[in-house]
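Engineer: I am attaching a structure below and will ask some questions about it afterwards.
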Amino acid sequence: MSLGRFLVRRTLQGLLVVWGVITVVFVLRFLSPGDPVTFVAPLDASPELRQRIAADLGLNKPMHVQYADYLAGLLQGDMGYSYQRGLPANDIVLSRVPATVELAVASSIVAIVLSIPLGVVAATRRHSPADYGATLFSLVGISTPNFWLGIMLVLFLSVQLDLFPTSQRPVGFLEAWTHLIRFKLAGPSLSVPLDAGAFADDMGTWLWHITLPAVTLGTYFTALITRLTRSGMLDELGKEYVTAARAKGLPETLVRYRHALRNTLIPILTVLGLQLGTLIGGAVITEAVFAWPGLGSLLIDAINSRDWPIIQAALIVIGVSFVVINVAVDVVYGYLNPQVGYE
Amino acid sequence: MSDDHWFDRRSFLKHGGAAGASVATVALAGCSGDGGDGDDGNNTDGENGGGVGNGVDEEENWQDLDEPSNRAGYLQRANLAAHQEAPWIFLNRQYSNYGKRTSLDWEPRSDELIWAYTMAPEGSSVTVTQGKMDTGLDPHNHRETPTDNIVTQAYDRLLMRTSDGSIEAALAEDWERIEPGHVRFHIREGVTFHNGDELQPSDVAFSINRVVDPEVSLESPQNDQLAGVTGAEVADEGNAVDVFSDGINPVIFSLFASYCNIVQQDWIESRNSEEINRNMNGTGAFQLSNYEASVEVSFEAYEDHWRGAPDFDSLVFRAAGEDSTRVNQLVQGETDIIVNVPPQQVSSVQDASGAEMAPVPSTRIIYNGMRYDVEPFDDPLFRRAMNYAIDLETIVQDTLQSFADQTAQPTLEGFVGYNEDLDPYPYDPERANQLIEKSQYDEADLVLHTPVGRYLNDLEIAQATAGYIDDLDNVSAEVNQVEFGELAGKLTDGDIETSPDWYLIGWGNAVFDASQTLIPLLTSDGALTSWKNDEFDQLVNEAQGLPGSQ
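Taken in sequence, the protein lines are chains P and G. Each residue of the first sequence is one higher than the last, beginning at 882 in the working numbering. Each residue of the second sequence is one higher than the last, beginning at 6 in the working numbering.
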């Protein structure tokens, strides 16, 4: 199958998955306890006011009518209005995506940069102090709860040593780049100046603020990939093609990194993809500890206040992210392992 | 305190007629809690859920006292009734536990409003970190304190409160009661909106009508906050606004001191809901400079404010839902004010250099409702036993680390109608056991339903309460955690039979008037009532038919 047909087929499958998510969440809305009107109306609101609010929110219509309305809105790019905020759900949810993606990508980078070298070192120096150290690190990393690690990092590195801010995201990654992008778009001779100083300031601020959340979120991931890399490398290094490569006189560096590591990366890539999808929807605790304004904390707030348009919009974004990431992983998988291809 | 003699006296009065009531001349007595063993064992009057009897008499029954002479007297009597009939386990008045930088001169307010105009920082900016952000910037389309804190910086009210809750002039320079159901506000001249336009009385009338009249651009959830108000119109040749109510509305000025921000009619009518939720145009001391929905709201000082420009240039509101995150921000100087410092984190604030606690008693009461229509809570003796069974002083000291006050009545100290003669029930498990023995129910298995994380240490308070009651003879009690929305839905659906038999809940009353607690929570038709007592209803009705003191 060609890459194009593969992409079309996976996209259609992905749409089916997203539609499934939409439908399941919509039905859950009617099965879960807690009337949204309770969260919008004051506690002492009269029954008449509650009825008016319910009508205002469209909650007094039959379920199938609400479902049809919602799907019709979605096809026009309208995810409804937040019950709590009175603003379009699209805007609220999409405004949270950059923070979440930044955090997910940064923590993935932390994990990849640390874990693969650690795993390789542990595998190639088996039973050495480095191997024991890496194994111990991965054990501790997997066992450490996120919220505890985050709080400890803040107390030690922020409160005690004053090295990092405790929380918040005063500037976004893309906002920092606008200082350069605007200049490039306008051209050096036009009125928008190249503000390299502002770019450096904003990037510095962004890096300063994202370091602790990224380390907190990435630690479990780092530990997991370290273990996978170590065991994968050990497995590959014991195979016959490695022995053959060595017998042919190939330098050990090439044997390890060109052949063994490349094959090890295939299952790691699958885990990376799944994990990245999880991070987009599941960084709730880290976002809470660091007051990071991402999708996870928005989703939890929305669930607590039964703000269904936000819940649905957030889950659609998360569902789409999962689909896109998994398709991308499959594409890269096919590239790394041509035997698999795009079947 | 006598426990079950009231029923006998009441029965006597019922049978003896009004003459009996007139002879009761003993003044209100403090309910100190000691007193007789009683020997009647007779108790409930069933349907009304009230009427207790004991036998040893050192205190007067609320039904036996002389007719009060004014509105506050009726409300005080109603509080005495609630104390004696014990429809609740009276718990605590919650504190607003703020933390702040020592460099910031700011006095927290008991009405929970963080009003920046009175702040005096060392620098030119102030940052406030709340637990939540706003739910949109439309001042009439929310019912949450975090949103109120934000919109009230930009939108003034007709009247305002001082930090201790007294009413003071704001956009209304003067106010008067013309006749029952009709009051007049004289509007301040020379006030301008942030867009430069001058405030007109028609803007004030529009703002009031926007809240109370669903036909005027919005189905406002604040409709019930201006209870009784039916509409407003420009009067006195365009210099004043007349506000009309159905009935005398004794608390009307108090309502306008707590609610109803003033907007510009043209500005609102020319914008859709989304635009109103993202922008602001009020007459307040701060004007909006940047809005990032659910992340950050930034203000700059409004130099032309009618009170004079604020003492600083920039004001920022942010949110951090996690308690420890807020505390760390304060300790590191990343913010100037934080809300809701939990008791267990107070030492972190107190030990940090440059930070301090700023606690203030709030307008919120925490209590255990007990349904009058189900066993065993239909017996007032049993309900009173519940109050004797808990060591409230220890709960306040240990569970809330003294950041709370014990309560003895539904109304908080400082409010109109507060009864100064009432003391909290003492901890007396022996008496509780005796009362239970005398009640219709000498054994019971109870479940206390509580939300978690809604109020300061709510679960811990519930566990302590249930623990004390579980220690009684023949009574077992346990805690059931419920999601707040589920609990609130059951309490507010208009059907008392769907409410849990026994539950912990909190109630805020920013109007500083007893009626705003007694009516919704304890009258027969109250939106969240757990009790029915016709004579109590009558007391409250009498109070609401009399003019207020302001």
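Idealized CB from N, CA, C, for every residue including glycine.
With a threshold of 9 Å between beta-carbons, can Asp251 (chain G) be considered close to chain P, or not?
Structural biologist: Counting from one through the second sequence, the residue named residue 251 (chain G) turns up at place 246. Asp251 (chain G) does not count as touching chain P.
Engineer: Output needed for Phe1045 (chain P): all residues of its chain with C-beta closer than 7 Å, excluding positions within five of it in sequence on either side, in chain order.
Structural biologist: Numbered from 1 along the first sequence, position 164 holds the residue referred to as residue 1045 (chain P). These residues qualify, in order along the chain: Leu1038, Ser1039, Trp1089, Thr1092, Leu1093.
Engineer: Would Arg966 (chain P) pass as an interface residue toward chain G - the criterion being a Cβ-Cβ separation below 9 Å?
Structural biologist: As a working mapping, residue 966 (chain P) is identified with position 85 in the first sequence. Cβ-Cβ to chain G under 9 Å: yes for Arg966 (chain P).
Engineer: At a Cβ cut of 8 Å, what residues of the region 332–351 of chain G count as close to chain P, listed as they run along the chain?
Structural biologist: Asn333, Gln334, Val336, Gln337, Glu339
Engineer: Select from G:Ala357, G:Pro381, G:Pro552 the residue whose C-alpha is nearest the C-alpha of Ser444 (chain G).
Structural biologist: Stepping through the second sequence from its first residue, residue 444 (chain G) is reached at position 439. It is G:Pro381.
Engineer: Beta-carbon separation of Trp1189 (chain P) and Arg933 (chain P) under 9 Å?
Structural biologist: Looking up residue 1189 (chain P) in the first sequence gives position 308. Looking up residue 933 (chain P) in the first sequence gives position 52. Going by C-beta atoms, Trp1189 (chain P) is not nearer than 9 Å to Arg933 (chain P).
Engineer: Work out the CA separation of Ser883 (chain P) and Leu1055 (chain P) for me, nearest whole Å.
Structural biologist: Counting from one through the first sequence, the residue named residue 1055 (chain P) turns up at place 174. Counting from one through the first sequence, the residue named residue 883 (chain P) turns up at place 2. Rounded to the nearest angstrom, the two C-alpha atoms are 35 Å apart.
Engineer: Any idea which residues DSSP pairs Thr134 (chain G) with across the strands?
Structural biologist: The residue labelled residue 134 (chain G) in the question sits at position 129 within the second sequence. Answer is G:Arg323, G:Ile343, bridged to Thr134 (chain G).
Engineer: Quick one: which residues of the region 900–913 of chain P get their C-beta closer than 8 Å to a C-beta of chain G? List them in chain order.
Structural biologist: none
Engineer: Could you check what DSSP says for Phe95 (chain G) in three-state terms: helix, strand or coil?
Structural biologist: Translated into the one-based positions of the second sequence, residue 95 (chain G) becomes position 90. Looking at Phe95 (chain G) - three-state DSSP - the assignment turns out to be strand.
Engineer: Count the CB pairs spanning the region 280–296 of chain G and the region 961–976 of chain P that are closer than 8 Å, and state whether there are at least three.
Structural biologist: yes
Engineer: If we ignore side chains and look at the alpha-carbon of each, how far apart do Asp410 (chain G) and Ser367 (chain G) end up?
Structural biologist: Here residue 410 (chain G) corresponds to residue number 405 of the second sequence, with the count starting at 1. Here residue 367 (chain G) corresponds to residue number 362 of the second sequence, with the count starting at 1. So the two alpha carbons sit approximately 10 Å from each other.
Engineer: Does DSSP classify Gly915 (chain P) as helix, strand or coil?
Structural biologist: Your numbering for residue 915 (chain P) matches position 34 in the first sequence. Gly915 (chain P) falls in the coil class under three-state DSSP.
Engineer: Check each candidate in P:Leu1179, P:Val1170, P:Phe1171 and name the one with the smallest Cα separation from Ala298 (chain G).
Structural biologist: Position 293 of the second sequence holds residue 298 (chain G). That would be P:Leu1179, whose Cα lies nearest to the Cα of Ala298 (chain G).
Engineer: Quick check: is the beta carbon of Asn1185 (chain P) nearer than 9 Å to any beta carbon in chain G?
Structural biologist: Start at 1 with the first residue of the first sequence, and residue 1185 (chain P) comes out as number 304. Chain G contact via Cβ: present.
Engineer: Considering Met375 (chain G), what are the terminal residues of the beta strand (DSSP E) in which it resides?
Structural biologist: As a first step, residue 375 (chain G) must be located in the second sequence, where it is residue number 370. Met375 (chain G) -> beta strand (DSSP E) spans 360–375.
Engineer: Give a yes or no on whether 9 Å exceeds the smallest Cβ distance from Ala1057 (chain P) to chain G.
Structural biologist: Within the first sequence, numbered from 1, the residue matching residue 1057 (chain P) stands at position 176. For Ala1057 (chain P), the answer is no, since every Cβ of chain G falls outside 9 Å of its Cβ.
Engineer: With distances taken between CB atoms, is the gap from Ser212 (chain G) to Asn277 (chain G) smaller than 9 Å?
Structural biologist: Position 207 of the second sequence, counting from 1, holds the residue named residue 212 (chain G). Position 272 of the second sequence, counting from 1, holds the residue named residue 277 (chain G). Not closer than 9 Å, so no.
Engineer: For the region 1033–1105 of chain P, list the alpha helix (DSSP H) runs that are entirely contained and at least 4 residues long, ordered along the chain.
Structural biologist: 1054–1067
Engineer: Any residues in the region 225–255 of chain G with a beta carbon nearer than 7 Å to a beta carbon of chain P? Which ones, in chain order?
Structural biologist: Pro226, Asn228, Asp229
Engineer: According to the neighbour-count rule (16 or more other Cβ atoms, all chains shown, within 10 Å of its Cβ), is Ile183 (chain G) buried or exposed?
Structural biologist: Residue numbering aside, residue 183 (chain G) sits at position 178 when the second sequence is read from its first letter. So Ile183 (chain G) ends up on the exposed side.
Engineer: Quick one: is Asn47 (chain G) buried, meaning 16 or more other Cβ sit within 10 Å of its Cβ, or exposed?
Structural biologist: If you number the second sequence from 1, residue 47 (chain G) lands on position 42. The pLDDT assigned to Asn47 (chain G) is 32, lower than 50, so where the model puts this residue is not dependable; a value taken from the coordinates is nonetheless given after this. So Asn47 (chain G) ends up on the buried side.
Engineer: Residues of chain G with CB under 9 Å from Phe1171 (chain P), in chain order?
Structural biologist: Position 290 of the first sequence, counted from the first residue, corresponds to residue 1171 (chain P). Residues of chain G passing the Cβ test: Ala325, Glu327, Thr330.
Engineer: So is Val209 (chain G) in contact with chain P if we call contact Cβ pairs under 9 Å?
Structural biologist: The count along the second sequence starts at 1 and reaches residue 209 (chain G) at position 204. Output row for Val209 (chain G): interface = no.
Engineer: Against chain P, which members of the region 263–284 of chain G pass a CB distance test of less than 9 Å?
Structural biologist: Ser278, Glu279, Ile281, Asn282, Arg283
Engineer: Who are the neighbours of Gly499 (chain G) on chain P, taking C-beta pairs under 7 Å?
Structural biologist: As a position in the second sequence, residue 499 (chain G) is number 494, starting the count at 1. Pro928, listed in chain order.
Engineer: Tell me which residue opens and which closes the beta strand (DSSP E) that Ser1186 (chain P) is part of.
Structural biologist: Reading the first sequence from its first residue, position 305 is the one you call residue 1186 (chain P). From DSSP, Ser1186 (chain P) is part of no beta strand (DSSP E); its letter is neither H nor E.
Engineer: Give the straight-line distance between the Cα atoms of Gln205 (chain G) and Ala121 (chain G), rounded to the nearest whole angstrom.
Structural biologist: Within the second sequence, residue 205 (chain G) is the residue found at index 200, counting from 1. Within the second sequence, residue 121 (chain G) is the residue found at index 116, counting from 1. Answer to the nearest angstrom: the Cα atoms are 25 Å apart.
Engineer: Among the residues of its own chain, which have a CB less than 8 Å from the CB of Ile1184 (chain P), if the five just before and after it don't count?
Structural biologist: The residue labelled residue 1184 (chain P) in the question sits at position 303 within the first sequence. Counting only Cβ-Cβ distances below 8 Å, and skipping sequence neighbours, we find Ile1192.
Engineer: Can you check whether the C-beta of Phe920 (chain P) is within less than 9 Å of a C-beta belonging to chain G?
Structural biologist: Position 39 of the first sequence, counting from 1, holds the residue named residue 920 (chain P). Yes, contact with chain G.
Engineer: Quick check on this structure: which residue in G:Phe190, G:Val480, G:Ser74 has the alpha carbon closest to the alpha carbon of Gly550 (chain G)?
Structural biologist: For the purposes of this step, residue 550 (chain G) is taken as the residue at position 545 of the second sequence. With distances taken between CA atoms, Gly550 (chain G) lies nearest to G:Ser74 out of G:Phe190, G:Val480, G:Ser74.
Engineer: Tell me which residue opens and which closes the alpha helix (DSSP H) that Trp272 (chain G) is part of.
Structural biologist: Taking the second sequence and counting its residues from 1, one reaches residue 272 (chain G) at position 267. 270–274 is the extent of the alpha helix (DSSP H) around Trp272 (chain G).
Engineer: Taking only three categories from DSSP, how would you classify Ala1126 (chain P)?
Structural biologist: Numbered from 1 along the first sequence, position 245 holds the residue referred to as residue 1126 (chain P). Helix, per DSSP.
Engineer: Residues of chain P with CB closer than 7 Å to the CB of Asn146 (chain G), please, in chain order.
Structural biologist: Position 141 of the second sequence, counted from the start, is the residue given in the question as residue 146 (chain G). Ordered by position in chain P, the residues that pass the 7 Å Cβ test against Asn146 (chain G) are Gly967.
Engineer: State yes or no: is the beta carbon of Val300 (chain G) nearer than 9 Å to at least one beta carbon in chain P?
Structural biologist: Start at 1 with the first residue of the second sequence, and residue 300 (chain G) comes out as number 295. Closer than 9 Å: yes.
Engineer: Closer than 9 Å, CB to CB, is Trp512 (chain G) near chain P or not?
Structural biologist: Counted from its first residue, the second sequence places residue 512 (chain G) at position 507. True, the Cβ-Cβ gap to chain P drops below 9 Å.
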